[in-house]
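Here is the structure we will look at, set down as structure tokens.
Protein chains: 2
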Amino acid sequence: MANPAPELYLENQLCFPLYAASRLTTKIYTPFLEELGITYPQYLVLLTLWQFQEQSVKSIGKRLFLESNTLTPLLKRLEQKNLIQRIRSKTDERTVMITLTQAGMELKEKAVEIPKKIVESFHDKIISEDEILSFQKTLFKLLNVLDKKVSE
Amino acid sequence: MANPAPELYLENQLCFPLYAASRLTTKIYTPFLEELGITYPQYLVLLTLWQFQEQSVKSIGKRLFLESNTLTPLLKRLEQKNLIQRIRSKTDERTVMITLTQAGMELKEKAVEIPKKIVESFHDKIISEDEILSFQKTLFKLLNVLDKKVSE
DNA sequence: AAGGATTAAATCGTGTGCGATTTAAATGTA
DNA sequence: TACATTTAAATCGCACACGATTTAATCCTT
Numbered sequence: 063m064a065n066p067a068p069e070l071y072l073e074n075q076l077c078f079p080l081y082a083a084s085r086l087t088t089k090i091y092t093p094f095l096e097e098l099g100i101t102y103p104q105y106l107v108l109l110t111l112w113q114f115q116e117q118s119v120k121s122i123g124k125r126l127f128l129e130s131n132t133l134t135p136l137l138k139r140l141e142q143k144n145l146i147q148r149i150r151s152k153t154d155e156r157t158v159m160i161t162l163t164q165a166g167m168e169l170k171e172k173a174v175e176i177p178k179k180i181v182e183s184f185h186d187k188i189i190s191e192d193e194i195l196s197f198q199k200t201l202f203k204l205l206n207v208l209d210k211k212v213s214e
Numbered sequence: 063m064a065n066p067a068p069e070l071y072l073e074n075q076l077c078f079p080l081y082a083a084s085r086l087t088t089k090i091y092t093p094f095l096e097e098l099g100i101t102y103p104q105y106l107v108l109l110t111l112w113q114f115q116e117q118s119v120k121s122i123g124k125r126l127f128l129e130s131n132t133l134t135p136l137l138k139r140l141e142q143k144n145l146i147q148r149i150r151s152k153t154d155e156r157t158v159m160i161t162l163t164q165a166g167m168e169l170k171e172k173a174v175e176i177p178k179k180i181v182e183s184f185h186d187k188i189i190s191e192d193e194i195l196s197f198q199k200t201l202f203k204l205l206n207v208l209d210k211k212v213s214e
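Listed in order, the protein sequences are those of chains U and P. The first sequence begins at 63 in my numbering and counts up one residue at a time. The second sequence begins at 63 in my numbering and counts up one residue at a time.
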């Protein structure tokens, strides 16, 4: 038996390279985010707030595919860093609204530099701009399909 | 100011959809892996052992882009489930060799069914087979570039 | 052969992820 | 209006990830 079960080979998987690439890209972000004193998931939460302003925990979760069990502690950490405020809604006491503090809003100015630096550090001729764009397109399509599958 | 800093939009990021898609695909695997009594990272370790046989912790880490701080506790859990053995090498006492137990080898027969089931559950006409293949190709290229960048 | 440098695992602490459950508020319906 | 149902956060426990450090063994150079 030369090579049984090639369907189980790492290089034939889709999930494994997604998993590995996700972790490695996070690693690329880390030194830049350390300068802002935040982690990658915390950065994602701030991205949603910078882009969409005040939001409930639920709403942030929908955008990032996360739930309160992950977000609540993470948001408390952002609150302790004085970047956000957590305020229980008066009209519906079940929901907690998240708003940026002044410091949270100001952090955006520093964050704007990050994507540029990341892209610069990626001047690698192995992958063309076009290839990345069509890759990104499929990635978002995949994300959509996965989201539907998971919530079935 | 209509729409400041579009470079910070979630939909313009590459890392975010990777992060989300990775987590969602893991979620798709979970119910299948639960039947085998293992987690997704544990499944990946078993994949390397099924494919490449006996290996050191280091070697498994190279293939999965993980280090001993993650692998050691994970491997101890696999050992407790009686799926692998951890044996310190006689020729180089620094390295720990990981081998499959009989139960670990036999689990492969069950695992072979998983990729089929996943693919089946993905019969979604939004993404063609070709698109997935070229996506996978770019993904592995990206993984390569990232790995180089990270280890710089 | 001695001693510093390197290497492989392990350990430690912090921060996610997430399934499952709990708590409390709002909603729907008889 | 009562009361079951639904919903939003929070809580709990477990398993990763990973930076930083420690421990022990091997290698390298003189």
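Note that the Cβ used here is the ideal one computed from N, Cα and C, for glycine as well.
Separation of the CB atoms of I149(P) and L111(P) is rounded to 13 Å, and the pair is thereby denied contact status at 8 Å.
The straight-line gap separating the alpha-carbon atoms of L169(P) and I176(P) is approximately 12 Å. In the structure shown, T200(U) falls within a helical segment according to DSSP collapsed to helix, strand and coil. The CB of Q198(U) comes closer than 8 Å to the CB of L76 and P79 in chain P, given here in chain order. Shown here for A165(U): same chain residues with a beta carbon closer than 7 Å to its own, the five before and five after excluded, namely N144 and L145 in chain order. Burial check for I160(P): the Cβ neighbour count within 10 Å reaches 16 or more, so the residue is buried.
For the pair of segments examined, the region 82-92 of chain U was found to touch the region 195-205 of chain P: the number of CB pairs separated by less than 8 Å reaches three. Per the Cβ contact rule, the region 68-79 of chain U is in contact with the region 98-114 of chain P (3 or more Cβ pairs under 8 Å). Between the C-alpha atoms of L133(U) and L76(P) there is a straight-line separation of about 22 Å.
Residue ranges of uninterrupted beta strand (DSSP E) with 3 or more members, entirely inside the region 79-153 of chain P and ordered along the chain, are 146-150.
In this model, V212(P) and Q142(P) are separated by some 33 Å (Cα to Cα).
Residue state for I160(P) is assigned as strand, using DSSP reduced to three classes. Here L208(P) is buried. Its C-beta has 16 or more other C-beta atoms within 10 Å. In the three-state DSSP reduction, A165(P) falls in the helix class (H, G or I).
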